[in-house]
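**Student:** For the sequence shown, this note's numbering assigns the number 2 to the initial residue and increments by one for each residue that follows.
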Amino acid sequence: PDADRVGVMSRTSDGGFATITGNQMGALLLDYSIKQRKKLGTLKSNAYAVKSLVSTDMAYKIAEDNGIKLHDVLTGFKFIGEVIKNYEARGEEDGFLLGFEESYGYLLGSYARDKDAVEASMIILEMTAYYKKLGMTLSDALAELYKTYGFYAERTVDIYMEGLDGIEKRKRVMQSLRDSSPASIVGVSVATVGDYKSGRVVSLADGSIGTTGQPSSDVLYFTLVNGDKIIVRPSGTEPKIKIYILAHGDDQTALEEKVAKYQTDSKKMTEV
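#1: Between which two residues does the alpha helix (DSSP H) carrying Val84 extend?
#2: Tell me which residue opens and which closes the beta strand (DSSP E) that Ile246 is part of.
#3: In terms of alpha-carbon separation, which member of Val273, Tyr222, Gln264 lies closest to Val55?
#4: Give every residue of the same chain whose Cβ lies closer than 7 Å to the Cβ of Ser46, excluding the five residues on either side of it in the sequence, and list them in chain order.
#5: Any idea if Met270 is buried or exposed, counting beta-carbon neighbours within 10 angstroms, 16 or more meaning buried?
#6: Do Lys241 and Asp161 count as a contact pair if the criterion is CB distance below 8 Å?
#7: Compare the beta carbon distance of Val7 and Ser122 with 8 Å and say whether it is the shorter of the two.
#8: With DSSP collapsed to three states, give me the class of Gly106.
#9: Between Asp316 and Leu247, is the Cβ-Cβ spacing less than 8 Å?
#10: Residues in its own chain within less than 6 Å of Ile244 by CB, not counting five upstream and five downstream?
#11: How should Leu71 be labelled, buried or exposed, when 16 other C-beta atoms within 10 angstroms of its C-beta is the threshold for buried?
#12: Grab me the residues of Thr13's own chain with a C-beta within less than 6 Å of its C-beta, minus the 5 sequence neighbours each way, in chain order.
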């Protein structure tokens with residue numbers, strides 16, 4: 002009766018199959034949930050969605066285009082549940098649409114406060130049937146999103162630091178990045194550095210300081226001048242540092258090349 006994550010593959014135009022990533026499925030589910038509620042006239046004026054801050058920025062475009070509030074939270078569904086709880090405390094129980102993380106976790110109702118693959122599977126099947134009636138697969142639906150909002154690509158890089166000194170090495174890497182943040186990544190200037198441990202967001206252009214607005218967590222968030230993002234945090238469950246790359250562009254091939262360069266450069270950031 003219990004399942005948390007769900008993975009999906011979709012038929013492609015060439016007759017093969019392609020994996021739908023957690024980020025892509027999150028975007029598909031958000032778009033589908035909004036459109037179906039609009040069609041039924043059940044989209045609430047206080048409708049909102051929640052995603053982890055390491056998940057796709059395409060969700061911002063979809064939410065903005067539809068007048069939906071999107072919340073970014075730290076990794077972990079307890080933080081998504083906290084947003085739902087805060088809305089309920091204000092007497093707004095009916096606005097929640099979707100919560101998701103890039104690691105294949107989705108929540109579509111407020112019955113549970115954790116990723117729920119049972120309910121998510123049901124909605125994914127419903128969405129698949131809907132697009133099938135239109136002569137489309139989920140891959141086709143994703144292509145339509147890219148046509149509307151531009152191309153988005155995400156990649157996670159795992160840097161393993163095992164052994165007795167692994168914990169200390171992870172601490173040294175994070176401290177080194179705090180002490181000497183990169184001014185640019187693959188030649189693209191860093192616009193802001195968000196340190197979720199101190200709660201500060203620093204603009205490298207003028208030195209102005211803002212706040213993350215999130216609980217303290219060992220996360221560094223580099224936003225580049227082109228809007229792409231590199232996020233670094235130590236894993237809470239495995240002996241590694243995780244690097245998340247969030248990028249976008251108008252050309253898919255050029256975007257994949259850019260992401261590959263980010264991947265190479267970001268690995269160097271962890272060499273101490």
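All residues carry an ideal CB built from backbone N, CA and C; glycine is no exception.
**Tutor:** Short version:
#1: 78–90
#2: 241–250
#3: Tyr222
#4: none
#5: buried
#6: Note on identity: in this sequence residue 161 is Tyr, with Asp being the wrong assignment. Yes; because the gap between Cβ atoms is below 8 Å, this pair is in contact.
#7: yes
#8: strand
#9: Nothing can be reported for residue 316: it is not among the residues displayed for the chain, which extend from 2 to 273.
#10: Val158, Val233, Ser267
#11: buried
#12: Ala19, Ser140
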